[in-house]
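The next block holds one structure in the form of structure tokens; read it before the comments.
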Amino acid sequence: MRIGVFVCQCGTNIAGTVDTEAVARDALRHPEVVYATSYMYTCSEPGQQQIQRAIEEQDLQGVVVAACSPRMHEPTFRRAVEKAGLNRYMFEMANIREHVSWISNDRAANTLKAADLVQMAVAKLRFNHPLFSSQVPINKRVMVIGGGVAGIQAALDCADGGLEVVMVERQPSIGGKMAKLDKTFPTVDCSSCILGPKMVDVVQKENIRLYAGSEVESVSGYIGNFTVQIRKKTTYVDWSLCTGCGLCMEKCPSRKVPDHFNEDLGNTRAISIPFPQAIPKKAAIDKEYCRQFSKGKCGVCKKICPVGAIDFDMEDEFISEEVGAVIVATGFDLFDHSVYGEYGGGRFPDVISGLQYERILSASGPFGGHIQRPSDGREPKNIVFIACVGSRDASVGRPYCSGVCCMYIAKQAILTRDHLPDANCYVFYMDIRSPGKNYDEFVRRAQEEYGVHYIRGRVGKIYPKNDHLIVQGADTLLGAQVEVEADLVVLATGIEAAAGAKELAEKLRISYDLHGFYMESHPKLRPVETNTAGVYLAGVCQGPKDIPSSVAQGSAAAAKVQALFYRDTIETSPQVALVNERACVACGKCIQVCPFGAIQWKQLRGGVQKAEVLASVCQGCGLCNATCPPKAVQLQHCTDSQILAEIDVLCA
Amino acid sequence: MKRSVAYYQGCSLEGLAVEYDLSTRAVCEALDIELVEIPDWSCCGSTPAHSYDPLLSAALAGRNLAIAEKLRCETVMTPCPGCLKSLKGALLTYHDTKDHDAFMELLAMPFAGQVKAVSLLQLLYEEVGPDLIGQRVLFPLTGLVLAPYYGCLLTRPAGFAQFDDPENPLSMDALLKAVGATVVDFPYKTECCGATYGVTRNAIVGKLAGRILDMAASLGAQALAVACPLCQQNLDLRQSQVDRYWKRRFGIPVLYITQLLGLAFGIDSRRLGLDKLFVDAAFITRTLHAPTEEVKAFQGN
């Protein structure tokens, strides 16, 4: 084979700590390497042209590029060699940036390692064969997981483009966290007034199928052809009959049920519709508090329901949906502030979270929009807001900024002064982060027009004294200690990854970061794609962000899906397992280990059984290859002989 | 079952806090804990050592741990939170991959880092437990209202202390309740007493110690319970200075937890060093319940 080797300098990224010229010279030691060179930016247009020219002039049959991670530019170079007439699989990449130059400053050792990696790639390339992909049809339906504002936006945009959408929401109603907010910054417009119409659109669009109170159970398949199992959690109410009239809720005798929609500030009934604007507006039974389940008798709702929708024998239902793409918009949860002992560790009822205060402010909240203390219902006179609770604090494992708290405190303080003009608002902050459009002006309004007292410093202790909460803190600008006799303390609790985010990521085979937020394909250039083709991200599940950014990502993810679905077919990767039927002893081990169910039995003439790989299902993981005793299953482009050839070079 | 722990009393307990030493020995004896005094023990280095060089501090404290380890003691107990921090620092330094070699070179004696360092409070709370301590009570402190004051160091820094809650500790509360006392929910249980500013800038102690006494008084506490010699010194020895600063008379006795447990166990107040206190605590002994018949029979044995 006539092989060409191209060593990229990547500016100084590689050349800074690797002698790329020496690596190229070393490559020429191999008898089949007929051409080797080093270039400043091999991925640039002239860099690619250099490769194409060399293929032509040197009559190359295979190409090795030593550069960055194949995750970065393998597709680029494969296209380049294909344009010059080679099969795209007659190309190998040696990663001498992420694996060499970026991890060590020892130039001599780096150069040696880079040269070794190049020799390994050359050894593998000698066993490469041209491979050809096939086309499979795309199922032009899209699933949106999560019905918060990001998911709603993505679903509506897809539906507007004519796509069939399947939306899965864990809670009994869509709307997400935004449905719990009173007003939104920096315009102070009513959250449910701007979200409500979008929620209604979701149920009114004929091409959106909504599964509320449901969760993703499992995901199989691949881009263009996913199969998703959905668990529809039982509500003990037949939603096809329920009209949302609310009679059951009125009559339910179990009245001390923590109202999760109101952040546990008030009580609801054991059968309830979460909030007036809920979509779908259907009742659900909380089994834990329902007397029919706890005491074995009651059934008031069953008797009262005019349409006979109550069914205590209902069970979880499983539904399978086939889709071509998945948009993940699973949102976030609130940091649990009880880990902060200095703020009372959750012991004081009048030290509340930001979202709890949001419910207090809301007209449909537990107190009808009247600001009062959860403990005794008294109207507060002095209200203290504490920023960065569970944000920018490595000691509680949350070193990141939640990005929205500075703004929502300013909003809540403004609303407080609107509701109670005589109340004093104090904000303890570390820094004010308000980089959005009209955001800083909004904070200035809180300070200047609304007279909110901003104190730069942290709070060291909160303790009850008589009827008040004494808030001790520091004013680091004055270098003085501050004590506020507060009636209510609102903690600006930060954002953390949603409960169950990691489990869902594993089902979808997407990755997540240290804090459980989903990883985008590229932090700048591919912000809504994941490294699993066909799976896209929107909203806070990818990282803390505000409503405008979440909505923008929802639309961006929808646009990505539209672009994918513009084509009718998708190319499959030929890097899949292949059974050599002559060697197969029909032991069935490969069928057992395949995590994707991609291998099945095939009947030959005379009733002989052999294993057969379904190329369209195989993900190319190689488990079957490693398991097969007679080595009859070989993963194309990563065969045993290719791996052994690499090892031989390394051990030479 | 008799327990045996190495006892590192530290310098305070030889001087100003001698009553802490006396009461610790008496209470441990009553609870069947054998205190093995570390032979030829040396100073932990205190504040000067760790502010000058943490490694020096680790080695000074480590020497005492190494001797205890040689005596095959599994646990080293110290009543002083300052000493405890030095001992824990030595263990952390030993287990730190970066500092280990330098530490061992400076220590220059065999040490395997196997001993555990605990405070007296931790020993009483975790190893003995409130239940067992409650069973040992002869004179319950019924009716005595106490404010438990832990000070800044006993449970902090959290990573160092690895004991109780750093912001709202409850171990001393539990022990005092076990011996029958009424314990107030004391918000200032971990606030600063002024520490060594008593020597250099006395007014700071006047202000800070006064806040603690003021809070205790406002909650109706008759006495403070402490577990730190320096806290006790600022609140008790300097209480007359605090009085002058606040222009009022607090008159709140400040007792070591061991003195209070000892009284409940029926140990003679002189063996507990109650006479060493500056703010008189005699009313506590006077109001202790008279022994019941059962108790008299027990004492007869």
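Protein chains in written order, with numbering that gives the first Met the number 0: chain A, 0 to 651; chain B, 0 to 300. Ideal Cβ positions, reconstructed from N, Cα and C, are used throughout, including at glycine.
Shortest Cα-Cα distance from B:Y196 to any of B:L229, B:T286 and B:V144 involves B:L229. Counting only residues of its own chain and dropping the five nearest sequence neighbours on each side, A:N224 has a CB closer than 6 Å to the CB of N138. In this structure, A:Y221 sits away from A:I284, with a CB-CB distance that is not shorter than 8 Å. Out of B:K188, B:I37 and B:F159, the CA that lies nearest to the CA of B:D172 is found in B:K188.
Of all residues in the region 161-172 of chain B, only D164, P165, E166 and N167 come within less than 8 Å of chain A when Cβ atoms are compared, listed by chain position.
At a C-beta separation below 9 Å, B:P147 has no neighbours in chain A, since its nearest C-beta there lies roughly 14 Å away. Residues of chain A with a Cβ closer than 9 Å to the Cβ of B:P47 do not exist; the shortest Cβ-Cβ separation is about 27 Å.
For A:M406, the uninterrupted alpha helix (DSSP H) run begins and ends at C404 to H418, by DSSP. Proximity of the region 288-305 of chain A to the region 189-202 of chain A falls short of the contact definition, fewer than three beta-carbon pairs being nearer than 8 Å. Contacts with chain B (Cβ-Cβ distance below 8 Å) from the region 446-479 of chain A involve K460, Y462, P463, K464 and I469, listed in chain order. A Cβ-Cβ contact shorter than 8 Å links A:I382 with A:L487. Membership of A:E91 in the beta strand (DSSP E) is indicated by the continuous run F90 to N94.
Taking C-beta atoms under 8 Å as the contact rule, A:I278 and A:V201 qualify, at a distance of about 6 Å. For the region 342-367 of chain A, the beta-carbon criterion of a distance under 7 Å to any beta-carbon of chain B is satisfied by G344. Contact of A:G340 with chain B is assigned, a C-beta pair being separated by under 8 Å. Around A:K255, the same chain offers N266 and Y288 as residues with beta carbons nearer than 8 Å, after the five sequence neighbours per side are excluded. Short of 6 Å from the beta carbon of A:C387, and not among the five residues preceding or following it, lie these beta carbons of its own chain, in chain order: M429.
Taking A:Q641 as the centre and dropping the five residues before and after it, the same chain places the C-beta of K123 and F126 closer than 7 Å to its C-beta, in chain order.
In summary, A:F384 is buried, with 16 or more beta-carbon neighbours lying within 10 Å of its beta-carbon over all protein chains present. In this structure, B:L120 is the residue among B:L120, B:L64 and B:F110 with its C-alpha nearest to the C-alpha of B:A224. In the three-state scheme derived from DSSP, where H, G and I count as helix and E and B as strand, A:Y425 is classed as strand. Measuring C-alpha to C-alpha distances from B:S3 to each of B:S22, B:E13, B:L21 and B:E36 identifies B:E36 as the nearest. Here A:F76 carries a helix assignment [DSSP, helix/strand/coil]. The C-beta of A:D105 has fewer than 16 other C-beta atoms within 10 Å across all chains shown, which makes the residue exposed.
Contacts with chain A (Cβ-Cβ distance below 7 Å) from the region 185-204 of chain B involve P186, listed in chain order. For A:T638, the CB contacts under 7 Å within the same chain, skipping 5 residues up- and downstream, are F126 in chain order. By the C-beta density criterion, A:K410 is buried, having at least 16 other C-beta atoms within 10 angstroms. Here DSSP, grouped into helix, strand and coil, assigns B:K275 to helix. Burial state of A:K559 is buried, judged by a 10 Å Cβ sphere holding 16 or more other Cβ atoms.
Here the alpha carbons of A:Q291 and A:S615 stand approximately 49 Å from one another.
By the Cβ neighbour-count rule, A:L476 is exposed, with fewer than 16 other Cβ atoms within 10 Å of its own. Contact holds between the region 215-224 of chain B and the region 174-194 of chain B, because three or more Cβ pairs, one in each stretch, are under 8 Å apart. Our two residues, A:V481 and B:N167, have alpha carbons roughly 21 Å apart in a direct line. Out of A:V32, A:F317, A:E44 and A:L503, the CA that lies nearest to the CA of A:Q60 is found in A:V32. One thing to note: A:E341 has its Cβ no nearer than 8 Å to the Cβ of A:G493. Per DSSP, the beta bridge partners of A:Y34 are A:G3.
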